[in-house]
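Below: the structure, in structure tokens.
In the numbering used here, the protein residues as written are 0 to 671.
Here it is in structure tokens:
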């Protein structure tokens with residue numbers, strides 16, 4: 000792929016000097032192709048309205064219903080008139096089941112922020128429509144309407160941003176005790192949303208049904224405190240467990256400068272210094288924190304503390320998963336660091352390098368220990384592939400069945416960590432090969448970090464992981480739409496998409512992409528109509544209390560592309576693209592991942608040409624750099640095909656990049 004295609008066309012491309020031909024005089028046809036946008040902000044020339052809008056692409060609509068070529072773009076004069084009135088004159092179609100009020104409470108500032116995505120029509124092409132400008136000459140106000148602004152959009156601008164860190168820490172929300180009333184089919188929450196007794200659910204009504212549906216009357220935001228867990232409460236104090244590689248390769252040295260002198264330190268010495276630094280800071284800032292140490296080489300060592308003996312696991316014990324779990328469950332949790340600092344520091348300073356790398360058994364033992372304390376963190380630091388029987392990741396001299404068994408082992412271990420509220424981060428040392436594409440699945444599933452760090456920066460990476468606290472566990476997010484729409488990119492999703500998030504930190508953000516249903520012709524939505532969307536977030540607080548937050552919002556249907564471009568948030572578009580592209584690439588779908596990024600690029604270039612904003616232009620250039628790194632990973636960060644397998648896997652650098660981008664937020668995608 001030519002990476003220069005991600006950049007705007009050269010300056011020689013200019014806008015057309017003549018206006019586009021007038022639109023056909025025939026009446027517009029109703030479309031099934033839907034696009035959702037935020038309502039254009041009102042000003043003196045626009046009618047004030049609270050509802051937001053669904054965008055339809057006329058070219059897709061006409062192909063679906065008439066089989067004709069895409070319609071000509073709306074003239075600038077008519078578009079300007081539509082913007083001034085901010086109203087939509089198209090009537091409701093007789094077979095559309097939605098009949099709802101055209102107003103909603105002002106949800107400005109809600110962390111759940113529906114924005115835009117894309118779905119490029121087969122015949123559309125944006126190349127040549129975007130005129131690049133030097134930053135100093137770029138207009139700060141929207142330019143006069145032209146073809147680039149009035150034609151159908153190149154994609155599907157429908158993205159929902161869910162800022163989980165804000166939503167789960169919000170205290171100014173209506174609180175209801177007990178379980179809500181829910182639809183038995185789709186799970187939509189009905190209590191306090193519908194005015195009358197619900198006979199047919201708004202979100203999962205079939206078009207064949209003739210029973211009138213109860214429609215939500217307004218947008219709502221409600222927090223339910225669910226029934227207490229019947230299981231006895233577990234300790235609430237989270238643990239921080241260091242799982243450190245002490246195999247023979249950790250004796251390899253690196254050159255550093257200290258006090259103006261060049262010295263050589265082993266990898267293990269760098270790790271020891273990083274752990275000691277963290278222990279010292281925690282003892283000063285969080286004296287009640289509980290910190291434990293597990294090390295691994297040819298054996299796994301559970302380091303004890305004062306008045307509690309260290310335990311060693313070796314030989315056949317390392318292939319018996321039940322024995323390993325029992326050993327971890329019976330090992331006493333460490334005391335607060337204020338009582339254990341000196342003993343722990345002596346344990347760290349006494350570590351020596353030798354032997355193989357029993358990483359798999361060590362990871363299992365560490366996660367099992369942490370599982371007794373929800374919201375605990377595990378930091379695995381290693382410099383090589385696991386090469387003992389359980390979780391073996393060595394490529395040489397093994398068959399495909401062994402490698403598959405190890406892949407399943409780490410995936411299941413990650414799933415178990417999520418179910419127990421444990422966050423796992425994996426750090427490898429620069430210049431090594433640890434098979435992070437496999438080992439990183441532990442972090443990917445639990446919301447932890449996958450990092451390749453230079454030896455002298457290990458303490459900084461440790462501190463960043465420690466400071467990123469977990470605010471809730473067992474988080475699941477569901478997004479519900481009426482059947483005329485569907486959620487895109489989620490497993491087994493139709494008009495409802497569900498994502499298992501697991502552990503949530505204050506900066507956690509996820510996005511959902513949605514659009515018209517594959518069967519939209521059965522129940523088309525016309526411009527001017529209103530639909531309701533519902534977001535459900537189930538999670539467990541640090542004290543063990545289970546919660547459910549339900550947000551229901553109203554959106555209008557529109558075919559006005561200028562309204563979309565005027566309201567579009569580049570930051571949310573970019574975040575969705577980064578997350579979706581990385582998620583596809585991690586699964587090996589490299590071609591689909593590049594298409595995803597290319598389609599987003601077209602929509603963003605169109606929006607920048609419309610706004611003429613210097614800030615948007617600079618933000619776009621930053622995003623291009625990020626996406627170039629991801630696209631390069633498809634070609635430069637892919638391992639050669641294995642002798643025993645035809646599949647390709649990612650190098651450590653590629654895996655670390657993609658796992659990081661998959662869990663990025665709006666802030667992190669612009670930090671380099």
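For every residue, glycine included, the Cβ atom is placed at its ideal position computed from N, Cα and C.
Out of 623, 585, 167 and 492, the CA that lies nearest to the CA of residue 470 is found in 167. Ranked by how close their Cα comes to the Cα of residue 256, the residues 454, 660 and 619 have 454 in first place.
Close CB contacts of residue 497 within its chain, under the 6 Å cut and outside five residues either way in sequence, are with 477 (chain order).
Counting every other CB atom within 10 Å of its CB across the protein chains shown gives residue 348 a total below 16, marking it as exposed. Relative to the Cα of residue 465, the nearest Cα in the group 161, 290, 664 and 222 belongs to 290. In this structure, the beta-carbon distance from residue 651 to residue 389 does not fall below 8 Å. Judged by their CB atoms, residue 502 and residue 472 are nearer to each other than the 8 Å cut-off. Look at the beta carbons and you see the region 220 to 228 not touching the region 266 to 278: under three pairs across the two are nearer than 8 Å. The straight-line gap separating the alpha-carbon atoms of residue 177 and residue 559 is approximately 43 Å. Taking the CA atoms as reference points, residue 282 sits about 25 Å from residue 245. Secondary structure at residue 510: strand, using DSSP grouped into helix, strand and coil. Per the coordinates, the alpha-carbon of residue 204 lies some 57 Å from the alpha-carbon of residue 278.
Counting only residues of its own chain and dropping the five nearest sequence neighbours on each side, residue 327 has a CB closer than 6 Å to the CB of 364, 367 and 368.
In the structure shown, residue 620 falls within a helical segment according to DSSP collapsed to helix, strand and coil. Between the C-alpha atoms of residue 331 and residue 159 there is a straight-line separation of about 44 Å.
As computed with DSSP, residue 462 is found in no beta bridge at all. By the 16-neighbour rule on beta-carbons within 10 angstroms, residue 446 is buried.
In the assembly as shown, residue 201 is a buried residue. Its beta-carbon has 16 or more other beta-carbons within 10 Å. Only residues of its own chain outside the window of five on either side were considered, and among them 188, 221 and 535 have a CB closer than 6 Å to the CB of residue 549, listed in chain order.
Counting only the Cα atoms, residue 294 lies some 23 Å from residue 263. For residue 592, the number of other beta carbons within 10 angstroms of its own is at least 16, and it is reported as buried.
Taking the C-beta atoms as reference points, residue 357 is found nearer than 8 Å to residue 299. In the structure shown, residue 335 falls within a strand segment according to DSSP collapsed to helix, strand and coil. The beta carbon of residue 418 sits closer than 6 Å to none of the beta carbons in its chain outside the five residues before and after it. Shown here, residue 447 sits in coil according to DSSP, grouped into three states, outside any helix or strand.
When DSSP states are grouped into helix, strand and coil, residue 550 belongs to the strand group. Per DSSP, the beta bridge partners of residue 540 are 471. For residue 305, the secondary structure class from DSSP, reduced to helix, strand or coil, is coil.
For residue 495 and residue 489, the gap between their C-alpha atoms comes out near 9 Å.
About 19 Å separates the Cβ atoms of residue 443 and residue 164, ruling out a contact at the 8 Å cut-off. Assignment of alpha helix (DSSP H) within the region 306 to 330, counting only whole runs of 4 or more residues, yields 320 to 328 in chain order.
The shortest C-alpha to C-alpha distance from residue 266 to any of 314, 319 and 426 is the one to 426.
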